[in-house]
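Q:
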Amino acid sequence: MPVARVFGILAAKPGFWLMAFGAAAGSMCGYGVAFWLPSLMQRSFGLSLVQTGQFFGALLLTGGVAGILLGGWLGDRLGPRNRRWYALAPAICYAAGAPLFIAGVLSSSWPIAFALFLLPQALVYVWLGPVLTAVQHLVPAHMRATASASFLLINNLIGLGLGSWAIGSLSKALTPAYGDEALRYAIAAGLCLYLVAGALMALASRFLQRDWVD
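Under the numbering used here, the first residue of the sequence shown is numbered 2, with each subsequent residue one higher.
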């Protein structure tokens, strides 16, 4: 299936762009935090390299697996009732997860940080199943693989390309004022991108019923 033909169909649908840029904002935050969080745990929380690996591994395993499973469950349960939920459920999860993540980053000890990170780590992964399902249903069945590839290209170009750079640049800019704590505040500021992602997903939900292709 020619990519230009599939992309032409997607480009005419506002829901695609809102979901693509919403997921990209979330991924920009997620990749950026994942890149810099180990440095934060050593610099601001005093963990050793081994302890940091254990902290990060446990967080990604428990939170990540739970979030992906929860996203699939929510999509299967709510999506067939109203297709808006394929984007609205991730929007709610993004908005709920961001404040807890920020509180964890600004906390005073690593056990408190881990407890505060665990739930939002799951919530920010909820989008994967429902949103990819929605993207695939914006085009006829024989175009779905190309639609997913187009969506993931936008998502990863922005997320992988800008996430770690943006937080690192902000940390560098804040260093004269905050010293070793600059990274903490840069990550906290970057986590606001999850709120942007949630807002874009909420807007996208308004178009899914109209643009859906069975």
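The beta carbon of each residue, even a glycine, is placed where N, CA and C say it ideally should be. For clarity, every value in this text was computed on a predicted model and none was experimentally measured.
So, at 6 Å on beta carbons, what are the nonlocal neighbours of leucine 119 in its own chain, with the 5 sequence-adjacent residues on each side left out?
A: Answer for leucine 119: Gly64, listed in chain order.
Q: Could you check if glycine 23 is buried or exposed, using at least 16 other CB atoms within 10 Å of its CB as the buried criterion?
A: With 16 or more Cβ atoms within 10 Å of its Cβ, glycine 23 is classed as buried.
Q: Assuming the contact rule is C-beta atoms closer than 8 Å, valine 140 and leucine 19 should be a hit. Round their C-beta distance to whole Å, please.
A: About 16 Å separates the two Cβ atoms, so there is no contact after all.
Q: Between the Cα of glycine 162 and the Cα atoms of Pro3, Gly31, Gly68, Ile188, which residue gives the shortest distance?
A: Looking at the Cα atoms, Gly31 is the closest of the given residues.
Q: With distances taken from CA atoms, which of Ala5, Arg6, Gly16, Gly73 is nearest leucine 209?
A: Comparing Cα positions, the closest option is Gly16.
Q: One question on the structure: do isoleucine 188 and valine 34 come within less than 8 Å of each other, judged by their Cβ atoms?
A: Yes; because the gap between Cβ atoms is below 8 Å, this pair is in contact.
Q: On the three-state DSSP scale, how would you describe aspartate 215?
A: In the structure shown, aspartate 215 sits in coil (DSSP, three-state: anything other than H, G, I, E or B).
Q: Is the stretch 119 to 136 in contact with the stretch 89 to 107, if contact means three or more CB pairs nearer than 8 Å?
A: Touching, yes, given that three or more Cβ pairs across the two stretches are closer than 8 Å.
Q: In this structure, how does DSSP classify arginine 82 when only helix, strand and coil are distinguished?
A: Reduced to three states, the DSSP call for arginine 82 is coil.
Q: Going by CA-CA distance only, name the one from Ala198, Gly199, Gly105, Arg82 that's closest to leucine 117.
A: It is Gly105.
Q: Distance check for leucine 107 and glycine 68, CA to CA, integer angstroms please.
A: Rounded to whole angstroms, glycine 68 to leucine 107 spans 23 Å at the Cα level.
Q: Between alanine 148 and the rest of its own chain, which residues show a CB-CB distance below 7 Å, the 5 nearest in sequence each way excluded?
A: Taken in chain order, the residues that qualify are Val7, Leu11, Val136, Gln137, Leu139, Val140.
Q: Taking only runs that begin and end inside the stretch 40 to 79, name each unbroken alpha helix (DSSP H) of 4 or more residues, in chain order.
A: Taking only runs of at least 4 residues, the alpha helix (DSSP H) segments lying wholly in the stretch 40 to 79 are 50 to 60, 66 to 79.
Q: DSSP three-state call for serine 110: helix, strand or coil?
A: Three-state DSSP puts serine 110 in coil, outside helix and strand.
Q: Return the chain-ordered list of same chain residues with a C-beta closer than 7 Å to the C-beta of methionine 42, the five sequence neighbours on each side being excluded.
A: Cβ neighbours of methionine 42 beyond the five flanking positions: Leu48, Thr53, Phe56, Trp111.
Q: For leucine 50 and serine 28, what's the separation of their Cα atoms in angstroms?
A: Approximately 25 Å between the Cα atoms of the pair.
Q: Closest to methionine 202 by C-alpha separation, out of Pro100, Ala21, Ile159, would be which residue?
A: Comparing Cα-Cα distances from methionine 202 to each of Pro100, Ala21, Ile159, the minimum goes to Ala21.
Q: Leaving out five residues on either side along the sequence, give the residues of the same chain with a beta carbon under 8 Å from the beta carbon of alanine 167.
A: Met29, Gly33, Gly191, listed in sequence order.
Q: Can you find the residues in the same chain that come closer than 6 Å, C-beta to C-beta, to tyrosine 126, ignoring five residues on each side of it along the sequence?
A: Here the set comprises Gly65, Gly68, Ile69.
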